[in-house]
Each structure stands twice: as structure tokens, then as C-alpha cells.
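Visitor: Position one of the sequence shown corresponds to residue 1 (UniProt numbering), numbered consecutively onward.
Sharing a structure, written as C-alpha cells. Questions coming.
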Amino acid sequence: MATRGQPVINVYPVGNYSFGTKAPKLEKDANVNERLARLKSNYEKDGMRRSVEAILLVQEHNHPHVLLFQLGQSYFRLPGGRLRPGEDEVEGLRRKLSNNLAPPSTALQVVWDVGEVLSVFYRPNFDTAFYPYVPPHISRPKECRKLLVVQLPERCVFAVPKNMKLVAVPVFELYDNLPRYGPIISAVPAVLSRLRLNLQFVLPPPPPPMEQQQQGGQDGYGQHGQLEPQYPT
Numbered sequence: 001m002a003t004r005g006q007p008v009i010n011v012y013p014v015g016n017y018s019f020g021t022k023a024p025k026l027e028k029d030a031n032v033n034e035r036l037a038r039l040k041s042n043y044e045k046d047g048m049r050r051s052v053e054a055i056l057l058v059q060e061h062n063h064p065h066v067l068l069f070q071l072g073q074s075y076f077r078l079p080g081g082r083l084r085p086g087e088d089e090v091e092g093l094r095r096k097l098s099n100n101l102a103p104p105s106t107a108l109q110v111v112w113d114v115g116e117v118l119s120v121f122y123r124p125n126f127d128t129a130f131y132p133y134v135p136p137h138i139s140r141p142k143e144c145r146k147l148l149v150v151q152l153p154e155r156c157v158f159a160v161p162k163n164m165k166l167v168a169v170p171v172f173e174l175y176d177n178l179p180r181y182g183p184i185i186s187a188v189p190a191v192l193s194r195l196r197l198n199l200q201f202v203l204p205p206p207p208p209p210m211e212q213q214q215q216g217g218q219d220g221y222g223q224h225g226q227l228e229p230q231y232p233t
């Protein structure tokens, strides 16, 4: 039975999930300065940027792990992204998750069960700093960034853009690890503490094999494998 005010999230073994690849998702900006310049331009046109990101959980060795995208050796981010003007947060996050992680095959599409908002961060200025509050001297923050928990199904297949890597990082590795993961991801363990994580241990049957698809003469997501937990080195 859940504790009053403590939502229950079922967390299934990492081995329940397999993944393939699909066409790469190219970054819109070559560097941070270009990203901030685009943020300013969009702010002048549309107002405050609204972003949503998903906390997706699996378990390994009786410990919860968070799914992150890894780009290069040292950049990690949660799945999600910018909402369109006027777009609903839940529907927008589902759209982003499908764009980032859903296989092209309609038979393998994931139903994204979006849950509660666990934390909200604000970008006061046109720089990289975020805070879990609006500073007193700021009347118009430039971005609002919300983290929502998403209940994964017992098993599913992910399709990851070829230029990204999907990793499962243990909560103990994220906690207070600001230098490696930044202030938002390193705060995820604290906000997870308000949930009752129901760790599941029985492996269901493996997901169906990935289909072979041709996209421009290249495999769309033909190869597939298992998610591998990432531990500190």
C-alpha cells in the first residue's frame, strides 16, 4: 500500500528492455553560444521557453537506474525537449519521447504513461544557469523546465538516434555528482525520494525482434541489444 501522498512507480529490470537505432537527430546549434542566441531570438518572438523532460526508471541489482542520453564522452541529458507555443505539457512530452525513443514500426510503439511533475527549474537569464525557484529580482524568467516521471511498461523496444547512446545510470552515481551531470540531473535522486519505487524482479518474455527496415539504403533500426547499466570508472 502506498504511503499517503507518495505515488507508486513500478520499476522493471533493465534486461526487460531492448533497443535499436534509427536516423540521427542533429543538434540545431554547433555550440553553447549559438544555443543561447537562438533562445534569445525565440524568447523575443514567443516569450518564455517551456521545456519538459522525462524521468524513466529501470532497476538492476535491486537499485533504481535513470535512463539518460549520452552524447560524446561527457554530455548527458534527460529525454525530452522544448514545447511548442500553447502545447500541453503531457502531450508535448509524449511527442518528444516518441521522436527520441520510439521505433518506426507502429507495432512496436510505446504508450507513454506520463505521471507527476517532480521538479521545476527556471533559467533567469540568457545563460546556462538554472535554479529550482525564480530569483527575487527576476520577473520574467527565460525558460521553465519541468521534470516529469514516466511509468515504463513491463517491457518495450527503444529506437535510439544513431548519434546518441542510451545509458542506465544508477541513482547513487547521480546523487550530488554536479561536476559530471550538472545541477538538474544530479538533483534527480532527491526528487525521486517522494515516490515509492516498487522494484520488480521477474523478467517477462523478451520483446519481439526488431524489424529490418531500409531508410535511404541504410538500416533504420535493424540491430538491437540490451541496455547496459553505466557505473562510475
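Where a beta carbon is used, it is the ideal one built from N, C-alpha and C, also for glycine.
Note that this is a predicted model, so its numbers are computed, not measured.
Per DSSP, which residues does alanine 159 bridge with? Please list them.
Guide: Along the sequence shown, one-based indexing puts residue 159 at 159. Beta-bridge pairing links alanine 159 to Gly20.
Visitor: In this structure, what does DSSP give as the bridge partners for valine 114?
Guide: Mapped onto the sequence shown, residue 114 falls at position 114. According to DSSP, valine 114 bridges with Val150.
Visitor: Tell me the rounded alpha-carbon separation between phenylalanine 19 and glutamate 143.
Guide: Stepping through the sequence shown from its first residue, residue 19 is reached at position 19. Stepping through the sequence shown from its first residue, residue 143 is reached at position 143. Phenylalanine 19 and glutamate 143: Cα-Cα distance of roughly 32 Å.
Visitor: In angstroms with no decimal places, state the Cα-to-Cα distance between tryptophan 112 and glycine 72.
Guide: Position 112 of the sequence shown holds residue 112. Position 72 of the sequence shown holds residue 72. Looking at the two C-alpha atoms, the distance is approximately 27 Å.
Visitor: Using the Cα positions of proline 24 and serine 98, report the straight-line distance between them to the nearest angstrom.
Guide: Within the sequence shown, numbered from 1, the residue matching residue 24 stands at position 24. Within the sequence shown, numbered from 1, the residue matching residue 98 stands at position 98. Cα to Cα, the separation comes out at about 14 Å.
Visitor: In the structure shown, what three-state DSSP assignment does glutamate 34 receive?
Guide: If you number the sequence shown from 1, residue 34 lands on position 34. Looking at glutamate 34 - three-state DSSP - the assignment turns out to be helix.
Visitor: Do you know offhand how far glutamate 53's Cα is from arginine 140's?
Guide: The residue given as residue 53 occupies position 53 in the sequence shown. The residue given as residue 140 occupies position 140 in the sequence shown. One C-alpha to the other measures close to 21 Å.
Visitor: Count the other CB atoms, across all protein chains shown, that sit within 10 Å of the CB of alanine 102; report buried if there are 16 or more and exposed otherwise.
Guide: Counting from 1 along the sequence shown, the entry for residue 102 is found at position 102. Classification of alanine 102: buried, given that the 10 Å Cβ count is 16 or more.
Visitor: Leaving out the 5 sequence neighbours to the left and right, which residues in its chain are closer than 6 Å to leucine 197 when beta-carbon positions are compared?
Guide: Taking the first residue of the sequence shown as 1, we reach residue 197 at position 197. Within the same chain, leucine 197 has close Cβ partners Ile9, Val11 and Pro64.
Visitor: Three or more C-beta pairs closer than 8 Å, one from the stretch 176-187 and one from the stretch 88-95: is that the case here?
Guide: The stretch 176-187, when compared against the stretch 88-95, does not touch it at the 8 Å Cβ threshold.
Visitor: Locate the beta strand (DSSP E) running through arginine 77, then write down its first and last residues.
Guide: To locate residue 77, count along the sequence shown from 1; it is residue 77. Taken as a continuous stretch (DSSP letters only), the beta strand (DSSP E) holding arginine 77 covers 75-77.
Visitor: Could you have a look at tyrosine 175 and say whether DSSP puts it in helix, strand or coil?
Guide: The residue given as residue 175 occupies position 175 in the sequence shown. Coil.
Visitor: Quick one: what's got a C-beta closer than 6 Å to phenylalanine 201's C-beta in the same chain, skipping five residues either side?
Guide: Counting from 1 along the sequence shown, the entry for residue 201 is found at position 201. There are no such residues.
Visitor: Please list the segments of the alpha helix (DSSP H) lying wholly inside the stretch 41-91, counting only runs of 4 or more residues, in order along the chain.
Guide: Runs of the alpha helix (DSSP H) inside the stretch 41-91: none found.
Visitor: Would you check if the stretch 30-41 and the stretch 173-180 touch, i.e. whether three or more CB-CB distances between them fall below 8 Å?
Guide: No, because fewer than three Cβ pairs between the stretch 173-180 and the stretch 30-41 fall closer than 8 Å, the two stretches do not touch.
Visitor: Excluding sequence positions up to five away, which residues of its chain have a Cβ less than 6 Å from the Cβ of asparagine 100?
Guide: To locate residue 100, count along the sequence shown from 1; it is residue 100. Pro79.
Visitor: Pick helix, strand or coil for lysine 28, following the three-state DSSP scheme.
Guide: In the sequence shown, residue 28 corresponds to position 28, counting from 1. Coil at lysine 28, not helix or strand.
Visitor: Rounded to whole angstroms, how far is the Cβ of valine 160 from the Cβ of valine 66, which I believe are closer than 8 Å?
Guide: Here residue 160 corresponds to residue number 160 of the sequence shown, with the count starting at 1. Here residue 66 corresponds to residue number 66 of the sequence shown, with the count starting at 1. Between valine 66 and valine 160 the Cβ distance is about 16 Å, and since that is not below 8 Å, they are no contact.
Visitor: DSSP three-state call for proline 7: helix, strand or coil?
Guide: As a position in the sequence shown, residue 7 is number 7, starting the count at 1. Note: proline 7 maps to coil in three-state DSSP.
Visitor: Take threonine 106 as the anchor and find which of Ser119, Phe158 and Phe130 has the nearest alpha-carbon.
Guide: For the purposes of this step, residue 106 is taken as residue 106 along the sequence shown, with counting starting at 1. Measuring from the Cα of threonine 106, the nearest candidate turns out to be Phe158.
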